[in-house]
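Colleague:
Protein chains: 2
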Amino acid sequence: MSSTTKPSTVQRIEAVLTDEISIGELKPGMRLDEAKLAERFGVSRTPIREALSRLTAQGILIPGEKRGVFVAEYSREELAQIFEAMHEIEAACARIASQRLSLLARTEIEFAQAECISAAKAGDRAAYLRANEAFHLAIYKATGNPYMAEIATEFRRRTGPFRAKKFATKEDLARSAESHRELIDNIFSEDSATASNGMRSHMTESFVETLKAN
Amino acid sequence: MSSTTKPSTVQRIEAVLTDEISIGELKPGMRLDEAKLAERFGVSRTPIREALSRLTAQGILIPGEKRGVFVAEYSREELAQIFEAMHEIEAACARIASQRLSLLARTEIEFAQAECISAAKAGDRAAYLRANEAFHLAIYKATGNPYMAEIATEFRRRTGPFRAKKFATKEDLARSAESHRELIDNIFSEDSATASNGMRSHMTESFVETLKAN
DNA sequence: ACGCACTATTTTGTATACAAAGCTAAATGT
DNA sequence: ACATTTAGCTTTGTATACAAAATAGTGCGT
Numbered sequence: 083m084s085s086t087t088k089p090s091t092v093q094r095i096e097a098v099l100t101d102e103i104s105i106g107e108l109k110p111g112m113r114l115d116e117a118k119l120a121e122r123f124g125v126s127r128t129p130i131r132e133a134l135s136r137l138t139a140q141g142i143l144i145p146g147e148k149r150g151v152f153v154a155e156y157s158r159e160e161l162a163q164i165f166e167a168m169h170e171i172e173a174a175c176a177r178i179a180s181q182r183l184s185l186l187a188r189t190e191i192e193f194a195q196a197e198c199i200s201a202a203k204a205g206d207r208a209a210y211l212r213a214n215e216a217f218h219l220a221i222y223k224a225t226g227n228p229y230m231a232e233i234a235t236e237f238r239r240r241t242g243p244f245r246a247k248k249f250a251t252k253e254d255l256a257r258s259a260e261s262h263r264e265l266i267d268n269i270f271s272e273d274s275a276t277a278s279n280g281m282r283s284h285m286t287e288s289f290v291e292t293l294k295a296n
Numbered sequence: 083m084s085s086t087t088k089p090s091t092v093q094r095i096e097a098v099l100t101d102e103i104s105i106g107e108l109k110p111g112m113r114l115d116e117a118k119l120a121e122r123f124g125v126s127r128t129p130i131r132e133a134l135s136r137l138t139a140q141g142i143l144i145p146g147e148k149r150g151v152f153v154a155e156y157s158r159e160e161l162a163q164i165f166e167a168m169h170e171i172e173a174a175c176a177r178i179a180s181q182r183l184s185l186l187a188r189t190e191i192e193f194a195q196a197e198c199i200s201a202a203k204a205g206d207r208a209a210y211l212r213a214n215e216a217f218h219l220a221i222y223k224a225t226g227n228p229y230m231a232e233i234a235t236e237f238r239r240r241t242g243p244f245r246a247k248k249f250a251t252k253e254d255l256a257r258s259a260e261s262h263r264e265l266i267d268n269i270f271s272e273d274s275a276t277a278s279n280g281m282r283s284h285m286t287e288s289f290v291e292t293l294k295a296n
């Protein structure tokens, strides 16, 4: 995603933690201990602190009342608010994407969808989760606006562990992958309203499932 | 804004730097030297680094190619993209706010506007800039959705120094404060489309002025 | 006088040390 | 037996030290 600079230590740590949280390996409410992480990554507390600090600045982690940082944990009400915001942003992304759709963007979306399908068929949960993220990311990128993509991605990360919980069985994966098809068609229709509404209903569905699982 | 916790050292530093950047005191492209800041705030480099790291995570600062961090500097194209994203978010905020408007929210918006007017009359540029931010913040808060407010605020901060440049004369302040009136009326109309479109044209105007000044 | 290389200095990244603030728990007093 | 305080242990925040990277500068050779 970023430029040609090789990943520095804190970038690496940040990326690993982000991934583990979005996959649901580190669960909401879990405490992250600086010393333990330092030992795990074989570095001192300093770069760990920097990574944790950045993650809290992004809202992925939240500082505890008195001490420690925790994986962000949201109540149903808070989740509803976050999803409302995501609704707006994702709908806007879908609309803009539908207007600007390039061949490259189309291809990348289809490619990501293919990955979703194959991961779903294999029943590989972690792979599906990553492919699903890549799919939505491809849509964001299709807007041609990195800043829209950035905030959409940010929300996606925050809700990662909660959305992850709704994928329990192989059928869940298959159903999700199928629903992508309709979404793609709506976006590829190149009609703003169709694309935007398509994304809204996709997000609503996602929210319903997420609430059930949490 | 936050809870009852007293501002820690890094929070204080972060807040001061954020303010100085949004006011335009620290200009885009300026380099921030860790050692100098450490001396200035009378602390060691450690908390400075943490503050800078958090600010880069928020996109307010950007890391230089090889070394140093700089106040984020955007080309006209990039500014256009950021403003496009702001358009979408602010429009959504205005729409939601118009639907949920509470007496408290109304009052706070009006109060912020009063501050804008008086700062404009006094010709106090810094005070107007702060009041203007408070005004928009009040609208975000009126959505009742802290997450919408959060991203809207984030974009506002990023574009702060660029928008700040368009306020050169006392007349600029007065004109801006006046245009708030129409925006308020549109939002208070409690009609979604009116509110949303009102905000869109306000933002478009803001963008035009910003481009002229940059 | 110009270019190149090598050195010195600044600056960043990481580690370690230390002090302050919480938490745990045990011991003492009632 | 229960509450309260205090002692000890964890954990965090900040400072300092040190090593690696990068820039600037200096001198040397041609």
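Chains H and E, in that order, are what the protein sequence lines are. If you use our numbering, the first sequence corresponds to residues 83 to 296, in order. If you use our numbering, the second sequence corresponds to residues 83 to 296, in order. Ideal Cβ placement from N, Cα and C applies to all residues, glycine included.
1. List the endpoints of the continuous beta strand (DSSP E) containing L143 (chain H).
2. State yes or no: is the beta carbon of I233 (chain H) nearer than 8 Å to at least one beta carbon in chain E?
3. Who are the neighbours of N227 (chain E) on chain H, taking C-beta pairs under 7 Å?
4. Taking 8 Å as the threshold (beta carbon to beta carbon), is M281 (chain E) in contact with chain H?
5. Quick check: is the beta carbon of Q181 (chain E) nearer than 8 Å to any beta carbon in chain H?
6. From M168 (chain H) to T292 (chain H), what distance separates their C-alpha atoms?
7. Verify whether the separation of the beta carbon atoms of I233 (chain E) and I233 (chain H) is less than 8 Å.
8. In whole angstroms, what is the alpha-carbon distance linking R212 (chain E) and I105 (chain E)?
9. Kindly indicate the opening and closing residues of the beta strand (DSSP E) around V151 (chain H).
10. Check whether the segment 234-243 of chain E and the segment 275-286 of chain E touch, using three or more Cβ-Cβ pairs below 8 Å as the test.
11. Which chain E residues are close to R136 (chain H), counting only those with a beta carbon under 7 Å from its beta carbon?
12. Output the boundary residues of the alpha helix (DSSP H) element that contains Q93 (chain H).
13. Should the segment 115-128 of chain H be regarded as contacting the segment 155-173 of chain H, the criterion being three or more beta carbon pairs within less than 8 Å?
14. If the cut is a Cβ gap below 9 Å, which residues of chain E does A277 (chain H) touch?
15. At 7 Å on the CB atoms, spell out the chain E contacts of A174 (chain H), in chain order.
16. Is the CB of E132 (chain E) under 8 Å away from at least one CB in chain H?
17. Can you pull the chain E neighbours of M112 (chain H), defined as C-beta to C-beta under 7 Å?
18. Helix, strand or coil for L114 (chain H)? Go by DSSP, reduced to three states.
19. For G226 (chain E), I'd like the list of residues in its chain whose CB is within less than 6 Å of its CB, leaving aside the five on either flank, ordered along the chain.
20. Using three-state DSSP, classify M281 (chain E) as helix, strand or coil.
21. Do we get a CB-CB distance below 8 Å when we pair S84 (chain H) with the residues of chain E?
22. Could you check the C-alpha separation between V290 (chain E) and F244 (chain E) for me, to the nearest Å?
23. Check whether chain H comes within 8 Å of M285 (chain E), counting only Cβ atoms and requiring the distance to be less than that.
24. Evaluate the contact criterion for the segment 247-259 of chain H versus the segment 185-204 of chain H: three or more CB pairs, one atom per stretch, below 8 Å.
25. Are three or more beta carbon pairs between the segment 93-110 of chain E and the segment 129-138 of chain E nearer than 8 Å?
26. Using alpha carbons as the reference points, say which of E:C198, E:V153, E:K148 lies closest to A220 (chain E).
27. For Q140 (chain E), name the three-state secondary structure that DSSP assigns.
28. Is it the case that the Cβ atoms of V153 (chain E) and L119 (chain E) are separated by a distance below 8 Å?
29. According to DSSP, is F193 (chain H) part of a helix, a strand, or is it coil?
30. Could you check the C-alpha separation between A231 (chain E) and S90 (chain H) for me, to the nearest Å?
31. What does the alpha-carbon distance come out to for the pair E155 (chain H) and A97 (chain E)?
32. Taking Cβ to Cβ, would you say S180 (chain E) is nearer than 8 Å to E272 (chain E)?
33. Is K300 (chain E) helix, strand or coil when you go by DSSP?
Modeller: This is what the structure gives:
1. Residues 143-145.
2. yes
3. Q163, E166, A167
4. Chain H contact via Cβ: absent.
5. no
6. Cα to Cα, the separation comes out at about 13 Å.
7. yes
8. Near 8 Å, if we compare the C-alpha coordinates of I105 (chain E) and R212 (chain E).
9. 151-153
10. no
11. Here the neighbours are S135, R136, A139.
12. 91-105
13. no
14. Going along chain E, no residue has its Cβ under 9 Å from A277 (chain H), so there is no contact; the nearest lies around 14 Å.
15. E170
16. yes
17. When 7 Å is used as the limit between beta carbons, M112 (chain H) is near no residue of chain E, the shortest such separation being about 21 Å.
18. strand
19. R182
20. helix
21. Caution is warranted here: a pLDDT of 38 is assigned to S84 (chain H), below 50, making its placement in the model unreliable, and the coordinate value is therefore given only provisionally. Not an interface residue.
22. 12 Å
23. No, its Cβ sits nowhere closer than 8 Å to a Cβ of chain H.
24. yes
25. Look at the beta carbons and you see the segment 93-110 of chain E touching the segment 129-138 of chain E: at least three pairs across the two are nearer than 8 Å.
26. Of the candidates E:C198, E:V153, E:K148, E:C198 places its Cα closest to the Cα of A220 (chain E).
27. If DSSP states are grouped into helix, strand and coil, Q140 (chain E) belongs with coil.
28. no
29. helix
30. Linking A231 (chain E) to S90 (chain H) through their CA atoms gives a straight-line distance of about 32 Å.
31. 25 Å
32. Yes, the Cβ-Cβ distance between S180 (chain E) and E272 (chain E) is below 8 Å.
33. In this structure chain E extends from 83 to 296, so residue 300 (chain E) is not present and cannot be described.
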